[in-house]
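Working notes, structure below.
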Amino acid sequence: MADITLQVAGRSYTVSAREEDMPHLRELEARIASHADAAMRAGGSQGGERTLLYLALILADALDEAERAPPPPAPAPVAAPAVSDELLVRVADRLEAVAAALEERSEPS
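All the letters of the sequence shown, read from the start, carry residue numbers 1 to 109 under the numbering used here.
Printed below as a string of structure tokens:
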């Protein structure tokens, strides 16, 4: 475990995390920072706790909106390539020839 210091709404918070989680924590820090100004304006001069409350509400609202959004449409099915009747007849003829050859080989002499 290593320590990482995150900046949230003008304050520094040091947390412990695994090394492999550090880049993700920085991404989360950036996401939080994109909403911090609005939270600080909403919290006004009432202090850091109020700012963090507004920040939590903003993020919870964004999460709720994402969870309520309809799922993306399923991808259109890929159509199977068209096969001509002539090709199907040729394949069937070959399979019948192979089956006949196998039957001849398996018959006792």
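Note that beta-carbon positions come from the ideal geometry of N, C-alpha and C, so glycine has one too. The model shown is predicted, which means the values in this text are computed figures rather than measured ones.
### Helix, strand or coil at residue 94 according to DSSP, with G and I counted as helix
Residue mapping note: residue 94 aligns to position 94 of the sequence shown, counting from 1. If DSSP states are grouped into helix, strand and coil, residue 94 belongs with the helices.
### Query
Can you give the Cα-Cα distance for residue 82 and residue 91, rounded to whole angstroms?
Your numbering for residue 82 matches position 82 in the sequence shown. Your numbering for residue 91 matches position 91 in the sequence shown. So the two alpha carbons sit approximately 15 Å from each other.
### Query
Is residue 54 buried or exposed, if buried means 16 or more other CB atoms sit within 10 Å of its CB?
Looking up residue 54 in the sequence shown gives position 54. Flag for residue 54 reads buried.
### Message
Excluding the 5 residues flanking residue 42 on each side, which residues of the same chain have their C-beta closer than 7 Å to its C-beta?
### Response
By one-based count along the sequence shown, residue 42 stands at place 42. Correct list, in chain order: 54.
### Query
Beta carbon of residue 21, beta carbon of residue 14: below 8 Å?
Taking the sequence shown and counting its residues from 1, one reaches residue 21 at position 21. Taking the sequence shown and counting its residues from 1, one reaches residue 14 at position 14. Contact flag unset, no.
### Message
Only counting the same chain, and skipping five residues up and downstream in sequence, which positions put a Cβ closer than 7 Å to that of residue 52?
### Response
Taking the first residue of the sequence shown as 1, we reach residue 52 at position 52. Exclusion of the five residues before and after residue 52 leaves 9 as the residues of its chain whose Cβ lies within less than 7 Å of its Cβ.
### Of the residues 49, 56, 77, 45, the one placed nearest residue 34, counting alpha carbons only
In the sequence shown, the residue the question calls residue 34 occupies position 34. If we check each option's Cα against that of residue 34, 56 comes out closest.
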